[in-house]
Amino acid sequence: MKFYSINRIAPSVSLREAVMNGLAPDGGLYMPERIPVIPKAFFNNISGMSIRDIAFVVADLMLGDDIDSADIREIVNDTFSFDIPLVKVESDIYSLELFHGPTLAFKDVGARFLARVISRLSDSTDSRNVKVLVATSGDSGGAVAAGFKDVPGVELFILYPSGRLSRMQLDQLNLPGSQVHAIEVLGTFDDCQRLVKEAFADADLRRNFDITSANSINICRLLPQMFYFFHAYASLVSSVGDIPDSVVISVPSGNLGNLTAGLLAWRMGLPVSRFVVANNVNDVTASYLRTGKFIPRRAVRTVACAMDVGNPSNMSRILDLFAGDYGPLSRFVKGYSYTDEDIMGSMARTYSADSYLLDPHGASALAALRDDLAPGEKGIFLATAHPAKFPRAVYDATGVSLKGRDSQDSSHRVPHPRISVSYEALKNILMNETASAVV
Numbered sequence: 010m011k012f013y014s015i016n017r018i019a020p021s022v023s024l025r026e027a028v029m030n031g032l033a034p035d036g037g038l039y040m041p042e043r044i045p046v047i048p049k050a051f052f053n054n055i056s057g058m059s060i061r062d063i064a065f066v067v068a069d070l071m072l073g074d075d076i077d078s079a080d081i082r083e084i085v086n087d088t089f090s091f092d093i094p095l096v097k098v099e100s101d102i103y104s105l106e107l108f109h110g111p112t113l114a115f116k117d118v119g120a121r122f123l124a125r126v127i128s129r130l131s132d133s134t135d136s137r138n139v140k141v142l143v144a145t146s147g148d149s150g151g152a153v154a155a156g157f158k159d160v161p162g163v164e165l166f167i168l169y170p171s172g173r174l175s176r177m178q179l180d181q182l183n184l185p186g187s188q189v190h191a192i193e194v195l196g197t198f199d200d201c202q203r204l205v206k207e208a209f210a211d212a213d214l215r216r217n218f219d220i221t222s223a224n225s226i227n228i229c230r231l232l233p234q235m236f237y238f239f240h241a242y243a244s245l246v247s248s249v250g251d252i253p254d255s256v257v258i259s260v261p262s263g264n265l266g267n268l269t270a271g272l273l274a275w276r277m278g279l280p281v282s283r284f285v286v287a288n289n290v291n292d293v294t295a296s297y298l299r300t301g302k303f304i305p306r307r308a309v310r311t312v313a314c315a316m317d318v319g320n321p322s323n324m325s326r327i328l329d330l331f332a333g334d335y336g337p338l339s340r341f342v343k344g345y346s347y348t349d350e351d352i353m354g355s356m357a358r359t360y361s362a363d364s365y366l367l368d369p370h371g372a373s374a375l376a377a378l379r380d381d382l383a384p385g386e387k388g389i390f391l392a393t394a395h396p397a398k399f400p401r402a403v404y405d406a407t408g409v410s411l412k413g414r415d416s417q418d419s420s421h422r423v424p425h426p427r428i429s430v431s432y433e434a435l436k437n438i439l440m441n442e443t444a445s446a447v448v
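Per my numbering, the sequence shown starts with residue 10, numbered consecutively.
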């Protein structure tokens, strides 16, 4: 399988080059040159398949030309050390609980899969350590830290926006004695993401190190997110006992990695009628889907912090999938946006009516699904983080206290270096191969 840059200037590359470089030399994100279609017979039998078996079929189709099938099976089995249940919340609406992994967030899937792929692919590199950069708006950091902490030959740098992460999210970045370094950036997630992209474009840095990304910038962090869309469909068929006429999937959206993965799964044959995007007040995606005008802007802070993104990088991949044609895209993907009050109201309503606790991100996706779902359709929304990661919001919305589950003891948290939004500050840390000094 070859991968092309969506900027269409750089030449196509192998899987190893796409994964180990993260971003193309022309600044574009990588996409697979070919999206294989899964035979319809697969979906006739999917309800009896485990998520590991589903993931193996999908991964082998996408990556089997580059990674031995036995290795793919091992990577998949190692990735899914936890369950992803589909839970009925109300009539015709189901929650895909993606928060049962080690860091209680959906990004455990992509991070664990990518770490194991990089470990396989880096066996054939030179003796230099690989530097992995990731920008996080919430849950990516902890998931990537957990996924990479025991991978030999890899040094991980996690950039996060100052004052935007919950206590549990911060504690999950604290792995003393490991090759994981967290860096506090005095800016927004978009600033963190820009710094990562500037590092990729720095020829001087690349001469000294192998640099890649663990964000959904990296195509191999994105591809495994397809697995649980197929698994959700399989679980729904098993639950209702028949093949639904119409399935709608709602996705809480920040940087649009999950939506992109869902659209790739659809292109592979996933029988879904449409997708629904849930934004908070950082609604550049929902606004585009309504108006056809994509206008990035500086993100503002909300109760759903992982969705506080004002310039989602994966929008370029989505536009590429639809050849830039707004019409088909806007008909297949619907967008909604919600204030903090709306989100808290969705959390309160769901707990009161259904005795089901949600974090702010899952509550946003459920609100959008309720607003979009037509009679007779079956709806699935992605519950992307455990409510315990947001105990204050849960308590304010529902009166339920989760403080006992909120976090590990943060009194031993190692202070993270704090840098400005200047790229030179980040480069100084990377060139010195340490994250121990405040810049």
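Even for Gly, the Cβ is constructed at its ideal location relative to N, Cα and C. None of these values were measured; they are calculated from a predicted model.
Q. Can you name, in chain order, every residue of its own chain whose Cβ lies under 6 Å from the Cβ of Tyr365, other than the five neighbours on each side?
A. Val98, Thr359
(Q) Assess contact between the region 123-133 and the region 221-240, defined as three or more Cβ pairs (one per stretch) separated by less than 8 Å. Is contact present? (A) yes
Q) Closest to Glu353 by CA distance: which of Gly336, Gly333, Pro400, Val309 is it? A) Reading the sequence as shown, one finds Met at residue 353 and not Glu. Comparing Cα-Cα distances from Met353 to each of Gly336, Gly333, Pro400, Val309, the minimum goes to Pro400.
(Q) On a Cα-Cα basis, can you pick out the residue from Gly319, Ala120, Ser56 that is closest to Cys201? (A) Gly319
(Q) Out of Leu298, Thr300, Asp292, which one is the CA nearest neighbour of Arg310? (A) Asp292
Q: Assign Asn451 to one of two classes, buried (16 or more other C-beta atoms within 10 Å of its C-beta) or exposed (fewer than that).
A: Residue 451 falls outside the range modelled here, since the chain spans only 10 to 448, and no answer is possible.
Q. If you draw a straight line from the C-alpha of Ile228 to the C-alpha of Asp405, how long is it?
A. 38 Å
Q: Identify which residue in Leu367, Leu195, Ala152 has its Cα closest to the Cα of Tyr169.
A: Leu195
Q. Run through DSSP, which three-state label would Gly278 get?
A. coil
Q. Quick one: Cα of Leu165 to Cα of Lys206, how far?
A. 15 Å
Q: Would you mind working out which of Leu330, Ala315, Arg17, Ser282 sits nearest Thr269, comparing C-alpha positions?
A: Leu330
Q: Run the CB neighbour count on Leu435, radius 10 Å, all protein chains shown included, and call it buried at 16 or more, exposed below.
A: buried
Q.
Across the region 59-67 and the region 231-238, are there enough close Cβ pairs to call them in contact, namely three or more that are closer than 8 Å?
A. yes
Q | Ile304 burial status per 10 Å Cβ neighbour count (16 or more: buried) | A | exposed
Q.
By the DSSP assignment, the alpha helix (DSSP H) with Ile127 in it spans what residues?
A. 116-130
Q. With distances taken between CB atoms, is the gap from Phe122 to Ile93 smaller than 8 Å?
A. no
(Q) Once DSSP output is grouped into helix, strand and coil, what is the label at Ser259? (A) strand
Q | Nearest residue (CA-CA) to Asp199, options Asp180, Val160, Thr145 | A | Thr145
Q: Taking Pro161 as part of the alpha helix (DSSP H), name the residues at either end of that continuous run.
A: Premise fails: Pro161 is in no alpha helix (DSSP H) and is neither H nor E.
Q.
Check this for me: beta carbons of Glu42 and Met71, under 8 Å apart or not?
A. no
Q. Out of Arg25, Ile47, Pro20, which has the shortest C-alpha to C-alpha gap to Arg276?
A. Ile47
Q) So what does DSSP say about Met452, is it helix, strand or coil? A) Residue numbering for the chain in the displayed model covers 10 to 448; residue 452 lies beyond these limits and cannot be assessed.
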